[in-house]
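Trainee: Encoded as structure tokens, here's the structure I'll be asking about.
Protein chains: 2
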Amino acid sequence: MITVLRLGHRVVRDQRLTTHVALTARAFGADGIVISGEKDEGIIRVIKRVCEEFGGNFDARFIESWRGFVKEWREKNRTGIIVHLTMYGVDIDDERCGEMLRKIKEGADVLVVVGGPKVEGQMYQIADYNIAAGNQPHSEVAALALFLDRAIERKKLKGKFENGRIRIISNPRGKTIVQNKTKDQTE
Amino acid sequence: MITVLRLGHRVVRDQRLTTHVALTARAFGADGIVISGEKDEGIIRVIKRVCEEFGGNFDARFIESWRGFVKEWREKNRTGIIVHLTMYGVDIDDERCGEMLRKIKEGADVLVVVGGPKVEGQMYQIADYNIAAGNQPHSEVAALALFLDRAIERKKLKGKFENGRIRIISNPRGKTIVQNKTKDQTE
Chain A
303 MITVLRLGHR VVRDQRLTTH VALTARAFGA DGIVISGEKD EGIIRVIKRV
353 CEEFGGNFDA RFIESWRGFV KEWREKNRTG IIVHLTMYGV DIDDERCGEM
403 LRKIKEGADV LVVVGGPKVE GQMYQIADYN IAAGNQPHSE VAALALFLDR
453 AIERKKLKGK FENGRIRIIS NPRGKTIVQN KTKDQTE
Chain F
303 MITVLRLGHR VVRDQRLTTH VALTARAFGA DGIVISGEKD EGIIRVIKRV
353 CEEFGGNFDA RFIESWRGFV KEWREKNRTG IIVHLTMYGV DIDDERCGEM
403 LRKIKEGADV LVVVGGPKVE GQMYQIADYN IAAGNQPHSE VAALALFLDR
453 AIERKKLKGK FENGRIRIIS NPRGKTIVQN KTKDQTE
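Listed in order, the protein sequences are those of chains A and F. Residue 303 is where the first sequence starts when you use this note's numbering, and the numbers rise one by one after that. Residue 303 is where the second sequence starts when you use this note's numbering, and the numbers rise one by one after that.
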């Protein structure tokens, strides 16, 4: 299981970015997201609607305390790996990340932490790995996409989104949207 | 030259996302971004400040009309490639993208178009390639990161950000920020 932890969500200000973090987590193969900070049920509704439409079993919820959640996660996943994505960390393509990526590909449970505005120093100590997608400032969405791309082979994602109402078929010149027949087609 | 065109920016609503698109473009190796939609000088200021601090020659500006810009770009870059990133397109890892990626690696000029809320149908026809980072809904930031990752080898980015005031050194356990000596160090 690969779970993303999004830290310090703020209602209104972070709504769209946190939604993009969650949808990127889903599309790039994570199994769920937990979000700390200000509760914002609108985000959960958006994610649930995407899952109903496009399939898959992606879990999204808010948590009370990231510290409590991380502690609990560690207890439940003794051999699991906690990865904190930060521009200060070791580049994902650095050879120091090779062993971690190998373990994930072999099935290790992972908690991927992506920051909000200010990440507390403790997070750098709690994480097993502090990982960067380059040491330039950019976006937690981009960092998450690159990390998941390196950790999960994209061709393995086929079959992860089977039970939705619709699906998109690659089209070099326009849009092809197909209704899946196995589900109620009322919209 | 790799230029990103961000379509249909809306002030307030898109401010942070467009900023993330621009910073991701810069960090993943594009040379500049042009933005259509509502003018928003705050974004340009943020990008300029990041360039001053972290180095590189990344250009960011608003344009009046995306159609006019694309037409002009095409005239100036006769052998250039226009790539439109969309969830409806052909997956970047599909073999149909191989030739395009090879041309980019060999130095072809590229205009990478990333959508705003509603992309006009014409864009799908104007583009040489409509490319997806998977056919699931997620984020233009993630799509751009993955596209640039496939188009530009990340190790080639070293040396692109040399003339800034500061730089970050990879640290497995905290933050290392170094002042560059070649620049005025007043902050």
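By construction, the Cβ of each residue, glycine as well, lies at the ideal position given by its N, Cα and C atoms.
Using 8 Å as the cut-off, can you tell me whether the stretch 375 to 391 of chain A makes contact with the stretch 409 to 425 of chain A, which would need three or more C-beta pairs spanning the two stretches below that distance?
Mentor: Result yes; three or more Cβ-Cβ pairs closer than 8 Å.
Trainee: Along chain A, in chain order, which residues have C-beta atoms closer than 7 Å to that of residue 389 of chain F?
Mentor: Residue 389 of chain F sits at position 87 when you count from the first residue of the second sequence. Within chain A, the residues near residue 389 of chain F are 470.
Trainee: Residue 438 of chain F: buried (16+ other C-beta within 10 angstroms of its C-beta) or exposed?
Mentor: The count along the second sequence starts at 1 and reaches residue 438 of chain F at position 136. Classification of residue 438 of chain F: buried, given that the 10 Å Cβ count is 16 or more.
Trainee: Can the beta-carbon of residue 328 of chain F be found closer than 8 Å to that of residue 358 of chain F?
Mentor: Taking the first residue of the second sequence as 1, we reach residue 328 of chain F at position 26. Taking the first residue of the second sequence as 1, we reach residue 358 of chain F at position 56. Against a cut-off of 8 Å, the Cβ pair of residue 358 of chain F and residue 328 of chain F comes out as a contact.
Trainee: With residue 337 of chain F and residue 365 of chain F assumed to form a contact (beta carbons below 8 Å), what rounded beta-carbon distance in angstroms separates them?
Mentor: Here residue 337 of chain F corresponds to residue number 35 of the second sequence, with the count starting at 1. Here residue 365 of chain F corresponds to residue number 63 of the second sequence, with the count starting at 1. Rounded, the Cβ-Cβ distance is 7 Å, consistent with contact.
Trainee: Any beta carbon from chain F within less than 8 Å of residue 386 of chain A's own beta carbon?
Mentor: Mapped onto the first sequence, residue 386 of chain A falls at position 84. Not one chain F Cβ lies under 8 Å of residue 386 of chain A.
Trainee: Taking C-beta pairs closer than 8 Å, name the residues in chain A that residue 475 of chain F reaches, listed in chain order.
Mentor: Within the second sequence, numbered from 1, the residue matching residue 475 of chain F stands at position 173. Near residue 475 of chain F (Cβ distances below 8 Å), the residues of chain A are 426, 427, 432.
Trainee: Would you please verify whether the beta carbon of residue 437 of chain F is less than 8 Å from any beta carbon of chain A?
Mentor: Translated into positions along the second sequence, residue 437 of chain F becomes position 135. Yes, residue 437 of chain F lies at the interface with chain A (some Cβ there is under 8 Å from its Cβ).
Trainee: Tell me the DSSP secondary structure of residue 410 of chain F in three-state form.
Mentor: As a first step, residue 410 of chain F is located in the second sequence; it is residue number 108 there, counting from the start. Correct three-state label for residue 410 of chain F: coil.
Trainee: Would you say residue 307 of chain A faces chain F, with C-beta separation under 8 Å as the test?
Mentor: Position 5 of the first sequence, counted from the first residue, corresponds to residue 307 of chain A. No, no contact with chain F.
Trainee: Quick one: does the C-beta of residue 310 of chain F sit closer than 7 Å to a heavy atom of the ligand FAD?
Mentor: Ligands are entirely absent from the displayed structure, and the ligand FAD is therefore not among its contents.
Trainee: When you compare the CB positions of residue 395 of chain F and residue 361 of chain F, do they come within less than 8 Å of one another, or not?
Mentor: Locating residue 395 of chain F in the second sequence gives position 93, counting from the first residue. Locating residue 361 of chain F in the second sequence gives position 59, counting from the first residue. Taking 8 Å as the Cβ cut-off, residue 395 of chain F and residue 361 of chain F do not qualify as a contacting pair.
Trainee: Note down the Cα distance separating residue 429 of chain F from residue 383 of chain F, rounded to an integer number of angstroms.
Mentor: Along the second sequence, read from residue 1 onward, the residue named residue 429 of chain F stands at position 127. Along the second sequence, read from residue 1 onward, the residue named residue 383 of chain F stands at position 81. Spanning the two alpha carbons is a distance of roughly 8 Å.
Trainee: Can you check which of these residues, A:435, A:422, A:464, is closest to residue 451 of chain F by C-alpha distance?
Mentor: Working through the second sequence from its first residue, we reach residue 451 of chain F at position 149. The residue with the shortest Cα to Cα distance from residue 451 of chain F is A:435.
Trainee: Can you tell me which of the three DSSP states residue 485 of chain A falls into?
Mentor: Taking the first residue of the first sequence as 1, we reach residue 485 of chain A at position 183. Residue placement at residue 485 of chain A cannot be trusted, given a pLDDT of 47 that sits under 50; what the coordinates show is reported in the next sentence. Three-state DSSP puts residue 485 of chain A in coil, outside helix and strand.
Trainee: Could you give the distance in angstroms between the alpha-carbon of residue 371 of chain A and the alpha-carbon of residue 308 of chain A?
Mentor: Sequence index remark: in the first sequence, residue 371 of chain A carries index 69 (1-based). Sequence index remark: in the first sequence, residue 308 of chain A carries index 6 (1-based). Distance between the alpha carbons of residue 371 of chain A and residue 308 of chain A is about 12 Å.
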